Amino acid sequence: MAIVVGGGGACFALTAYTPQTAADHTHLLLENPYVMPTASGDQNGVIGYSRGWSSPRIPSHDLYGYRITDLESPYDKTTIVMISGNHNGEHSGNWALQGMMDFLAGEEPWAVQLRRYADFFIYPLVNPDGRFLGAGRGNPELTAAGLGSDHNRVWNRSGLSTIDTFTTAMKKDTGGAVDYFFDFHSTFFHANHYIVTVPELGDSPYLRELAAIAPDVEVVFSDGTPGMARLWSMSANGLHVEYAYTTEQHMLWEAADYLALGRTYGIALHNTLIPEPASMFLWLLCVPLLASKARA
Ligand SMILES: [Zn+2]
Numbered sequence: 471m472a473i474v475v476g477g478g479g480a481c482f483a484l485t486a487y488t489p490q491t492a493a494d495h496t497h498l499l500l501e502n503p504y505v506m507p508t509a510s511g512d513q514n515g516v517i518g519y520s521r522g523w524s525s526p527r528i529p530s531h532d533l534y535g536y537r538i539t540d541l542e543s544p545y546d547k548t549t550i551v552m553i554s555g556n557h558n559g560e561h562s563g564n565w566a567l568q569g570m571m572d573f574l575a576g577e578e579p580w581a582v583q584l585r586r587y588a589d590f591f592i593y594p595l596v597n598p599d600g601r602f603l604g605a606g607r608g609n610p611e612l613t614a615a616g617l618g619s620d621h622n623r624v625w626n627r628s629g630l631s632t633i634d635t636f637t638t639a640m641k642k643d644t645g646g647a648v649d650y651f652f653d654f655h656s657t658f659f660h661a662n663h664y665i666v667t668v669p670e671l672g673d674s675p676y677l678r679e680l681a682a683i684a685p686d687v688e689v690v691f692s693d694g695t696p697g698m699a700r701l702w703s704m705s706a707n708g709l710h711v712e713y714a715y716t717t718e719q720h721m722l723w724e725a726a727d728y729l730a731l732g733r734t735y736g737i738a739l740h741n742t743l744i745p746e747p748a749s750m751f752l753w754l755l756c757v758p759l760l761a762s763k764a765r766a
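Structure, rendered in structure tokens:
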């Protein structure tokens, strides 16, 4: 299914990332030996259920979470939480996150190393009722609770099916101490991708590494508001995160392009986290591989 969205006089067509897309991709990934349910989930990665609604009719959706890491690794790991789907029409954010997950679960040398040094906790669609609805940035449960119409302004609140489930799961799954938090969104009014973070993180290692391989991705500083997932993750009541970023993908590409962008985000993370000697070893490993590819 393709969606056509008009905004600011522009028109976008992109394969929709539906609640079913998230469910199907989660089921597929869980067959991978490096992907597993989190402590708060069942064997299918279901950590809870959304409220759903009667009018407009919205079915209750499974809420998913899963973990990607190499359990055999002897190294201390960086803990990373990633989410997407706060906002209803922002499909490119979900496609980019899916691309990053496919990369992390795959066999490219960067991913193999990254899984040894990092523990990823992924919650791929945090507002499935809103995504099912299509338009807007919230869902009926949010509005009925008197909490407005934006699912990314209520992460510091309680009493909502999705927010309660995800904030509780993230704390339980990670033990409450998280190093990095990424929230994948989309922008309808900007021709370039950009990453939002607080001004203090403007010179943070991840942004330096990303700029080195993806200079077209801009950086935007915003102190944000406390109810944003990014700011909640950094708070004492949240996940105590040191590095938190919101990625904003434009809506001008096809799904495959966003999957590739997700891989680039993953390689930048590898370059940020892997100690120099391991990177050097990887480089030495890659030289014969590249040479044999060139001969092929
Ligand atoms: Zn958004």
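Residue numbers (the numbering used here): 471 to 766. We put the CB at the ideal spot given by N, CA and C, even for glycine. Small disclaimer: the values here were computed from a predicted structure and weren't measured.
Inset, instruction - Examine ligand 1 and report whether any of its heavy atoms sits within less than 7 Å of the Cβ of HIS768. - result: Because residue 768 is not part of the residues shown, which for the chain are 471 to 766, the question remains open.
Inset, instruction - For the alpha helix (DSSP H) containing GLN513, list its first residue and its last residue. - result: Position 43 of the sequence shown holds residue 513. Where GLN513 is concerned, there is no enclosing alpha helix (DSSP H), given that its DSSP letter is neither H nor E.
Legend entry - Anticipated Cβ contact below 8 Å, ASP653 with ILE553, distance rounded: Within the sequence shown, residue 653 is the residue found at index 183, counting from 1. Within the sequence shown, residue 553 is the residue found at index 83, counting from 1. ASP653 to ILE553, Cβ: 5 Å. Contact.
Legend entry - Proximity winner among TYR504, GLY555 and HIS495, relative to ALA699 (alpha-carbon distances): The sequence position of residue 699 within the sequence shown is 229, counting from 1. Selected option, being the one with the closest Cα: GLY555.
Legend entry - Identified DSSP bridge partners for PHE651: Position 181 of the sequence shown, counting from 1, holds the residue named residue 651. Partner(s): VAL551 and ALA714.
Inset, instruction - Give every residue of the same chain whose Cβ lies closer than 7 Å to the Cβ of TYR728, excluding the five residues on either side of it in the sequence, and list them in chain order. - result: The residue you call residue 728 lines up with position 258 of the sequence shown. SER562, TRP565, ALA566, GLY569 and GLN719.
Inset, instruction - Report the three-state DSSP secondary structure of GLU688 (helix, strand or coil). - result: Counting from one through the sequence shown, the residue named residue 688 turns up at place 218. The answer is strand: DSSP assigns GLU688 an E or B state.
Legend entry - Close-in-space but distant-in-sequence residues of the same chain around THR635 (CB under 7 Å, 5 per side omitted): For the purposes of this step, residue 635 is identified with residue 165 of the sequence shown, where counting begins at 1. Counting only Cβ-Cβ distances below 7 Å, and skipping sequence neighbours, we find ILE517, GLY518 and LEU533.
Inset, instruction - Would you please verify whether the beta carbon of GLY608 is less than 8 Å from any beta carbon of chain D? - result: In the displayed structure, chain D is absent; only one protein chain is listed.
Legend entry - PHE590 - DSSP class collapsed to helix/strand/coil: Numbered from its first residue, the sequence shown carries residue 590 at position 120. Here PHE590 sits in strand by DSSP.
Legend entry - SER656 CB to nearest heavy atom of ligand 1 below 7 Å: Your numbering for residue 656 matches position 186 in the sequence shown. True, at least one ligand heavy atom lies under 7 Å from that Cβ.
Legend entry - Minimum C-alpha distance to TYR650 - residue among ARG627, HIS621 and TYR676: Locating residue 650 in the sequence shown gives position 180, counting from the first residue. Taking only the C-alpha atoms, the option nearest TYR650 is TYR676.
Legend entry - Residue ranges of each beta strand (DSSP E) within the stretch 569-628, 3 or longer: Correct list: 588-593.
Inset, instruction - May I have the straight-line CA-CA distance separating ALA486 from HIS663, to the nearest angstrom? - result: The residue given as residue 486 occupies position 16 in the sequence shown. The residue given as residue 663 occupies position 193 in the sequence shown. Taking the straight line from one Cα to the other gives about 19 Å.
Legend entry - Residues bridged to VAL668 (per DSSP): Mapped onto the sequence shown, residue 668 falls at position 198. Paired residues: none, contrary to the question.
Inset, instruction - Verify whether the separation of the beta carbon atoms of PHE591 and ARG537 is less than 8 Å. - result: By one-based count along the sequence shown, residue 591 stands at place 121. By one-based count along the sequence shown, residue 537 stands at place 67. In contact: PHE591 and ARG537 (Cβ atoms closer than 8 Å).
Legend entry - Cβ contact (3+ pairs, closer than 8 Å) linking the stretch 624-642 and the stretch 674-688: no
Legend entry - Residue(s) in a DSSP beta bridge with ILE538: Within the sequence shown, numbered from 1, the residue matching residue 538 stands at position 68. VAL505 and PHE590, per the DSSP bridge assignment.
Legend entry - Exposure of GLN583, with buried meaning 16 or more beta-carbon neighbours within 10 Å: Translated into the one-based positions of the sequence shown, residue 583 becomes position 113. Counting Cβ neighbours within 10 Å, GLN583 comes out buried, since at least 16 surround it.
Inset, instruction - Return the CA-CA distance between ALA483 and ALA492, expressed in angstroms with no decimal places. - result: Locating residue 483 in the sequence shown gives position 13, counting from the first residue. Locating residue 492 in the sequence shown gives position 22, counting from the first residue. Rounded to whole angstroms, ALA483 to ALA492 spans 19 Å at the Cα level.
Inset, instruction - May I have the straight-line CA-CA distance separating ASN626 from TRP702, to the nearest angstrom? - result: What you label residue 626 is simply residue 156 of the sequence shown in a count that begins at 1. What you label residue 702 is simply residue 232 of the sequence shown in a count that begins at 1. C-alpha separation (whole angstroms): 6 Å.
Inset, instruction - Would you tell me roughly how many angstroms separate the C-alpha atoms of THR508 and PRO544, rounded to the nearest one? - result: On the sequence shown, position 38 is the one that residue 508 refers to. On the sequence shown, position 74 is the one that residue 544 refers to. Straight-line Cα distance between these residues: approximately 20 Å.
Legend entry - Straight-line Cα distance separating PRO610 from SER628: As a working mapping, residue 628 is identified with position 158 in the sequence shown. As a working mapping, residue 610 is identified with position 140 in the sequence shown. Each residue's Cα considered, the two are about 16 Å apart.
Inset, instruction - Please classify ASP532: does DSSP put it in a helix, a strand, or coil? - result: On the sequence shown, residue 532 is found 62 positions in, with the first residue counted as 1. It is a strand residue.
Inset, instruction - Kindly identify the DSSP beta-bridge partner or partners of SER459. - result: Residue 459 is absent from the structure shown; the chain starts at 471 and stops at 766.
Legend entry - Inter-residue spacing [alpha-carbon to alpha-carbon] between ALA714 and ALA647: Along the sequence shown, one-based indexing puts residue 714 at 244. Along the sequence shown, one-based indexing puts residue 647 at 177. Going by the C-alpha atoms only, they are around 13 Å apart.
Legend entry - Which listed residue (ARG521, ALA588 and ILE528) has its alpha carbon closest to that of LEU541: In the sequence shown, residue 541 corresponds to position 71, counting from 1. Among ARG521, ALA588 and ILE528, the Cα nearest to that of LEU541 is on ALA588.
Inset, instruction - Starting from the C-beta of GLY672, find all residues in its chain whose C-beta is less than 7 Å away, skip the five residues before and the five after it, and write them out in chain order. - result: Residue mapping note: residue 672 aligns to position 202 of the sequence shown, counting from 1. These residues qualify, in order along the chain: VAL689 and PHE691.
Inset, instruction - Give me the Cα-Cα distance between GLU501 and ALA581, rounded to the nearest whole angstrom. - result: On the sequence shown, residue 501 is found 31 positions in, with the first residue counted as 1. On the sequence shown, residue 581 is found 111 positions in, with the first residue counted as 1. A straight line joining the alpha-carbon of GLU501 with that of ALA581 spans about 17 Å.
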